[in-house]
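What follows is a single structure, written as structure tokens, with notes after it.
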Ligand code: AMP
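Residue numbers (the numbering used here): 39 to 253.
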């Protein structure tokens, strides 16, 4: 966690060395697909908050398993103490594994997918872990997202890829995630991408933004 020197809290990672890009968008907006492409192009580490939570849920002996399962099924937000801890641990592990293999001198680049989804997460993460350099927000029409998720639900095995959970996830998005996006927009860090468009077009717009951040 953050260190405290002379009473001043310092984030765990130095934002001049570690580039953090948040990737947001409703369920089915294409976050995972676009992150996959950006990993190939720019050598990012892709950390999905949802994937980390699902892994923790399934980890034998986890004290958070049941709590996470309920939140995911209900489309609600898992408490920040759990989500941020998992992200911070994953970032540290990646920095350790990849230093000397592409990432030198403590430098790293992360796409943090599905985060932050609540104001407390946005504030705590930038204060104690790392400030983000850029935020990509993929926006699609609700009917497009429903179609994509129900299609994915045929094979994903995910407990929340069904219409009941989806409605709750959309509600959470409106109530909690949209205020976070406004907050980040006021900081001038947000690029919104229309993800009703083709995968290629979204990728092109996302790549251009990332190029500017990484120069
Ligand atoms: P996703 O895999 O991004 O579709 O997320 C699936 C579910 O995991 C969400 O509906 C939430 O219950 C939980 N989740 C994902 N990201 C977060 C987050 N940043 N904070 C809290 N809960 C999250």
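Ideal Cβ placement from N, Cα and C applies to all residues, glycine included.
Values in this document were obtained by computation on a predicted structure and should not be read as measured data.
A direct Cα-Cα distance of roughly 9 Å separates residue 64 from residue 175. Here DSSP, grouped into helix, strand and coil, assigns residue 209 to helix.
Between the C-alpha atoms of residue 209 and residue 47 there is a straight-line separation of about 34 Å. Taking one beta carbon from each stretch, the region 155-171 and the region 90-108 have fewer than 3 pairs nearer than 8 Å; the two do not touch. A direct Cα-Cα distance of roughly 34 Å separates residue 102 from residue 229. Contact fails between the region 164-179 and the region 195-203, because fewer than three Cβ pairs, one in each stretch, are under 8 Å apart. With a cut-off of 7 Å, the C-beta of residue 198 is classified as near the ligand AMP, since at least one heavy atom of the ligand falls inside that distance. Within the same chain, 84 come within 6 Å of residue 77 by CB-CB distance, once the 5 residues on both sides are set aside.
CA-CA distance, residue 205 to residue 244, rounds to 27 Å.
For residue 234, DSSP assigns no beta-bridge partner whatsoever.
If one requires a minimum length of 3 residues, the beta strand (DSSP E) runs lying completely within the region 78-114 are 83-86, in chain order.
Boundaries of the beta strand (DSSP E) harbouring residue 177: 172-177, taken from the DSSP string. Exclusion of residue 146 from the 7 Å shell around the ligand AMP follows from its C-beta lying no nearer than that to any non-hydrogen atom of the ligand. Cβ-Cβ separation between residue 167 and residue 51: approximately 6 Å, consistent with a contact (criterion under 8 Å). By the neighbour-count criterion, in which 16 or more other beta carbons inside 10 Å mark a residue as buried, residue 219 falls on the buried side. Positions of the alpha helix (DSSP H) runs, each at least 4 residues long and wholly inside the region 147-196, are given as 157-166 and 180-194 in order along the chain.
Going by beta carbons, residue 215 and residue 90 fall outside the 8 Å limit. Here the alpha carbons of residue 135 and residue 82 stand approximately 13 Å from one another. Shortest Cα-Cα distance from residue 59 to any of 116, 129, 115 and 124 involves 129. Boundaries of the beta strand (DSSP E) around residue 58: 56-63.
When secondary structure is reduced to three states using DSSP, residue 145 falls in the coil class, being assigned neither helix nor strand. In this structure residue 241 touches residue 75 by the C-beta definition: roughly 5 Å separates them, less than 8 Å. Per DSSP, the continuous alpha helix (DSSP H) segment holding residue 135 begins and ends at 118-136.
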